[in-house]
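K.L.:
Sharing a structure, written as structure tokens. Questions coming.
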Amino acid sequence: MTLTTCTHPKTASAPDGPAVGMRATARILAAARSGTTTLPVLDGDGPFELRRLHSHGAQARVCIVGAMSAPLGGDRLRIEATVQQGAALHVTSAAATLALRGPTSEHATYDVHLTVGEHAQLHWLPKPLICAAGSDLHQTWTIDLASTARLVLREEQILGRAGEPSGHVATRLTVRRGGRTLLDQQAAYGPGEPGWDGPAILAGHRATGQLLTVDPAFEEITPDVQLLGDAPQDGQAVLTPLAGPATLVTAAAPDSLRLRRLLGTAQNTYRQPLTDLGPVRGRDVGPPRADCRPTRA
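Numbered according to the working numbering, the sequence shown spans residues 884 to 1180.
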């Protein structure tokens, strides 16, 4: 009798070494064609299942669905999205991303690379990242924008599940516009990071996030610095104009619901320059709500 040992699809054992994590890269390509946006490349991989949603005017829409638990320790995950000249793309996710402790002590990486061409627009609005106890994740956002490109990017981190301590997460957001650096910032939260939950950083809050809006229209109309939220204990956000046609909203709140409300208020208030999606007839079109129901084949 022959016995066959099956490994979990998530990991495999390296010769004479510890378990290694999964390597996966998903790719999205949006292109303008005949007044609308097509998706000539929509390739999922590993935990990333990509679903094409009903279009919204000239805007193509994609939902990222988690096909398995990820990221775990040792995983190397990557998403690449390119929006070509004149195209419009909206990307969301079906559920929150849960970072967990893995079979190896190695940290996990989750890299997002976004490229937006001339007169193109990208709304990147995923659900939150939850950093469960014991997890260790390094996440990077690398974004290249043409000088006339428009972007709305939201990212949220929930530090620990209910009743649990936070995992560790280190993030870096790098944005270049027209070949010049627009924003380059780093943050780290969780065990081993001095003062991360103290009054100088999160003040005991366990949910944090930001909303980045880049639009050439801000070259003519620049919002003033503004504080959102009345009570610090319920969470607050601050809107800051950047040295370029862009604004950054940074928020901290006790939980994901109040964080989402703060960022949603900021998005609804300051998205007006981004309502034009290009060659769309009829009423103005803003960022739609995505229910992640796929279109018919």
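Backbone N, C-alpha and C define an ideal beta-carbon position, used for all residues, glycine too. Note that this is a predicted model, so its numbers are computed, not measured.
Closer than 7 Å by C-beta to threonine 919: which residues in its own chain qualify, once you throw out the five before and the five after it? Chain order, please.
P.N.:
For the purposes of this step, residue 919 is taken as the residue at position 36 of the sequence shown. Counting only Cβ-Cβ distances below 7 Å, and skipping sequence neighbours, we find Ser938, Ala941.
K.L.:
Here's a check: name, in chain order, each residue in its chain whose Cβ is nearer than 6 Å to the Cβ of arginine 1059, leaving out the five neighbours to either side.
P.N.:
Residue numbering aside, residue 1059 sits at position 176 when the sequence shown is read from its first letter. Closer than 6 Å at the Cβ level, and outside the excluded window around arginine 1059, lie Asp1027.
K.L.:
How far does the beta strand (DSSP E) with tryptophan 1024 in it reach, from first residue to last?
P.N.:
As a first step, residue 1024 must be located in the sequence shown, where it is residue number 141. First-last of the beta strand (DSSP E) with tryptophan 1024: 1019-1028.
K.L.:
To which residues does DSSP link proline 1124 through a beta bridge?
P.N.:
Here the question's residue 1124 lines up with position 241 in the sequence shown. DSSP, once it has assigned bridges, lists Thr1130 as partnering proline 1124.
K.L.:
Does the beta-carbon distance from glycine 956 to glycine 929 come in below 8 Å?
P.N.:
Taking the sequence shown and counting its residues from 1, the one referred to as residue 956 is at position 73. Taking the sequence shown and counting its residues from 1, the one referred to as residue 929 is at position 46. Contact: no.
K.L.:
Starting from glutamine 1150, follow its DSSP beta bridges and name the residues at the other end.
P.N.:
Mapped onto the sequence shown, residue 1150 falls at position 267. Looking at the DSSP assignment, glutamine 1150 forms no beta bridge with any residue, so it has no partner.
K.L.:
Enumerate in chain order the residues of its own chain whose CB-to-CB distance from threonine 1148 is below 7 Å, with the five nearest sequence positions on each side excluded.
P.N.:
What you label residue 1148 is simply residue 265 of the sequence shown in a count that begins at 1. For threonine 1148, where only same-chain residues beyond five positions count, the Cβ hits under 7 Å are Leu1111.
K.L.:
Do the CB positions of threonine 998 and arginine 961 come within less than 8 Å of each other?
P.N.:
As a working note, residue 998 is residue 115 in the sequence shown. As a working note, residue 961 is residue 78 in the sequence shown. No. Outside cutoff.
K.L.:
At the level of alpha carbons, what is the spacing between aspartate 926 and proline 1082?
P.N.:
Position 43 of the sequence shown, counting from 1, holds the residue named residue 926. Position 199 of the sequence shown, counting from 1, holds the residue named residue 1082. The straight-line gap from Cα to Cα measures roughly 43 Å.
K.L.:
Just to confirm, are serine 988 and isoleucine 947 a CB contact at a threshold of 8 Å?
P.N.:
Stepping through the sequence shown from its first residue, residue 988 is reached at position 105. Stepping through the sequence shown from its first residue, residue 947 is reached at position 64. Remark: C-beta atoms of serine 988 and isoleucine 947 do not approach each other more closely than 8 Å.
K.L.:
Report, in whole angstroms, the separation of the C-beta atoms of valine 924 and leucine 936, which I expect to be a contact under 8 Å.
P.N.:
Start at 1 with the first residue of the sequence shown, and residue 924 comes out as number 41. Start at 1 with the first residue of the sequence shown, and residue 936 comes out as number 53. No, valine 924 and leucine 936 are not in contact; Cβ-Cβ is about 16 Å, not under 8 Å.
K.L.:
Taking all protein chains shown into account, do 16 or more other C-beta atoms lie within 10 angstroms of the C-beta of isoleucine 1041, making it buried, or fewer, making it exposed?
P.N.:
By 1-based counting over the sequence shown, the position of residue 1041 is 158. Burial call: buried.
K.L.:
Straight-line CA distance for arginine 1141 to tyrosine 993?
P.N.:
Along the sequence shown, one-based indexing puts residue 1141 at 258. Along the sequence shown, one-based indexing puts residue 993 at 110. Cα to Cα, arginine 1141 sits roughly 25 Å from tyrosine 993.
K.L.:
Going along the chain, which unbroken runs of the alpha helix (DSSP H) with 4 or more residues stay wholly within the stretch 967-1003?
P.N.:
None, since the stretch 967-1003 contains no complete alpha helix (DSSP H) of that length.
K.L.:
With the cut-off set at 8 Å, would you say threonine 1031 and proline 1099 are in Cβ contact?
P.N.:
For the purposes of this step, residue 1031 is taken as the residue at position 148 of the sequence shown. For the purposes of this step, residue 1099 is taken as the residue at position 216 of the sequence shown. Yes; because the gap between Cβ atoms is below 8 Å, this pair is in contact.
K.L.:
In chain order, what residues of the same chain have a beta carbon less than 7 Å from the beta carbon of aspartate 1080, not counting five sequence neighbours either side?
P.N.:
Against the sequence shown, residue 1080 aligns to sequence position 197. So the list reads Gly1087, once near-sequence residues are dropped.
K.L.:
Round the Cβ separation of leucine 1145 and alanine 1120 to the nearest angstrom and send it over; I've been treating them as touching at under 8 Å.
P.N.:
In the sequence shown, the residue the question calls residue 1145 occupies position 262. In the sequence shown, the residue the question calls residue 1120 occupies position 237. Confirmed, Cβ separation roughly 4 Å.
K.L.:
Go ahead and label isoleucine 1104 buried or exposed: buried means 16 or more other beta carbons lie within 10 angstroms of its beta carbon, across all protein chains shown.
P.N.:
Within the sequence shown, the letter at position 221 stands for residue 1104. Looking at its Cβ environment, which holds fewer than 16 other Cβ atoms inside 10 Å, isoleucine 1104 is exposed.
K.L.:
Are the beta-carbon atoms of leucine 1066 and glutamine 1150 separated by less than 8 Å?
P.N.:
Locating residue 1066 in the sequence shown gives position 183, counting from the first residue. Locating residue 1150 in the sequence shown gives position 267, counting from the first residue. Not in contact: leucine 1066 and glutamine 1150 (Cβ atoms no closer than 8 Å).
K.L.:
Return helix, strand or coil for aspartate 1117, following the three-state DSSP convention.
P.N.:
Against the sequence shown, residue 1117 aligns to sequence position 234. In the structure shown, aspartate 1117 sits in a helix (DSSP, three-state: H, G or I).
K.L.:
Taking its Cβ as the centre, do 16 or more other Cβ atoms sit within 10 Å of glutamine 1004, making it buried, or is it exposed?
P.N.:
Stepping through the sequence shown from its first residue, residue 1004 is reached at position 121. By the beta-carbon neighbour count (other beta carbons within 10 angstroms, threshold 16), glutamine 1004 is buried.
K.L.:
Verify whether the separation of the beta carbon atoms of glycine 1050 and alanine 1090 is less than 8 Å.
P.N.:
In the sequence shown, residue 1050 corresponds to position 167, counting from 1. In the sequence shown, residue 1090 corresponds to position 207, counting from 1. Cβ atoms of glycine 1050 and alanine 1090: not closer than 8 Å.
K.L.:
Excluding the five sequence neighbours on either side, which residues of its own chain have a C-beta within less than 6 Å of the C-beta of threonine 1054, listed in chain order?
P.N.:
By 1-based counting over the sequence shown, the position of residue 1054 is 171. Counting only Cβ-Cβ distances below 6 Å, and skipping sequence neighbours, we find Gln1022, Ala1070.
K.L.:
What residue range does the beta strand (DSSP E) around proline 923 cover?
P.N.:
Counted from its first residue, the sequence shown places residue 923 at position 40. Its beta strand (DSSP E) spans residues 919-926.
K.L.:
Start and end of the beta strand (DSSP E) containing histidine 1051?
P.N.:
Position 168 of the sequence shown, counted from the start, is the residue given in the question as residue 1051. Counting along the chain, the beta strand (DSSP E) containing histidine 1051 begins and ends at 1051-1060.
K.L.:
Hey, arginine 1037 and glycine 1092: beta-carbon distance below 8 Å or not?
P.N.:
For the purposes of this step, residue 1037 is identified with residue 154 of the sequence shown, where counting begins at 1. For the purposes of this step, residue 1092 is identified with residue 209 of the sequence shown, where counting begins at 1. Yes.
K.L.:
What is the DSSP secondary structure of serine 938, reduced to helix, strand or coil?
P.N.:
In the sequence shown, counting from the first residue as 1, residue 938 sits at position 55. Strand, per DSSP.
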